[in-house]
Amino acid sequence: MHIILNHSSMVPIYEQLMEQIKSDIINSSLKEGEALPSVRSLAGELRISALTVKKAYDKLEGEGFVTTIHGKGTYVTASDKQLALEARQKEAEADFEKVIDRALAMGMSREDILETVTLLLDEK
9 MHIILNHSSM
19 VPIYEQLMEQ
29 IKSDIINSSL
39 KEGEALPSVR
49 SLAGELRISA
59 LTVKKAYDKL
69 EGEGFVTTIH
79 GKGTYVTASD
89 KQLALEARQK
99 EAEADFEKVI
109 DRALAMGMSR
119 EDILETVTLL
129 LDEK
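If you read the sequence shown in the numbering used here, its first letter stands for residue 9, the second for the next number, and so on.
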């Protein structure tokens, strides 16, 4: 598993870790039943707190991506790509909601927001 963390990012380390593990599951780099590195070994490898890794693993378990068997390890459970994609879509929707709220608070109209999004999408 290849994880790259940006310590200067505004995104918390545990969220960066979660996103990369989710991506690996969605892209089938991590397969159902495959063991994730132990909390201690991943923390040591990434030079971060074991509590940070534990928090990421706990949240991934809460979202149904992994299962932890105490004393044995943490294993990938999300073989249903639709579940994984829906989780990603919910996160994107939450991000859109924050941006829309911010734009409205800045005085942008609904039409201005739609026009801006359309222009940005057309650039992709």
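C-beta atoms are modelled at their ideal positions from N, C-alpha and C, and glycine is treated no differently.
Which word fits residue i, buried or exposed, when buried means at least 16 other C-beta atoms lie within 10 angstroms of its C-beta?
i: L122; result: exposed
i: D32; result: buried
i: F104; result: exposed
i: L50; result: buried
Quick check: residue i and residue j, are their CB atoms within less than 9 Å of each other?
i: M26; j: L54; result: no
i: T126; j: A111; result: no
i: L38; j: Y65; result: no
Between which two residues does the beta strand (DSSP E) carrying residue i extend?
i: V74; result: V74 to I77
i: T82; result: G81 to V84
The alpha helix (DSSP H) with residue i in it runs from where to where?
i: S67; result: Reading off the sequence, residue 67 comes out as Lys, not Ser. First-last of the alpha helix (DSSP H) with K67: A58 to G70.
i: R55; result: Unbroken run through R55: none, as it is neither H nor E.
i: I21; result: I21 to I34
For residue i, which residues from the same chain have a beta carbon less than 8 Å from its beta carbon, with the 5 sequence-adjacent residues on both sides left out?
i: L13; result: I21, Q24, L25, L54 and I56
i: S17; result: Q24
i: L93; result: I34
i: G79; result: none
i: D120; result: A111
Looking only at its own chain, which residues have a Cβ that is under 7 Å from the Cβ of residue i, when we skip the five neighbours before and after it?
i: V47; result: A58, V61, K62 and Y65
i: T85; result: E40, G72, F73, V74 and T75
i: A113; result: none
Could you pull out every residue in the same chain whose Cβ sits closer than 6 Å to the Cβ of residue i, ignoring the five residues on either side in sequence?
i: A95; result: E71
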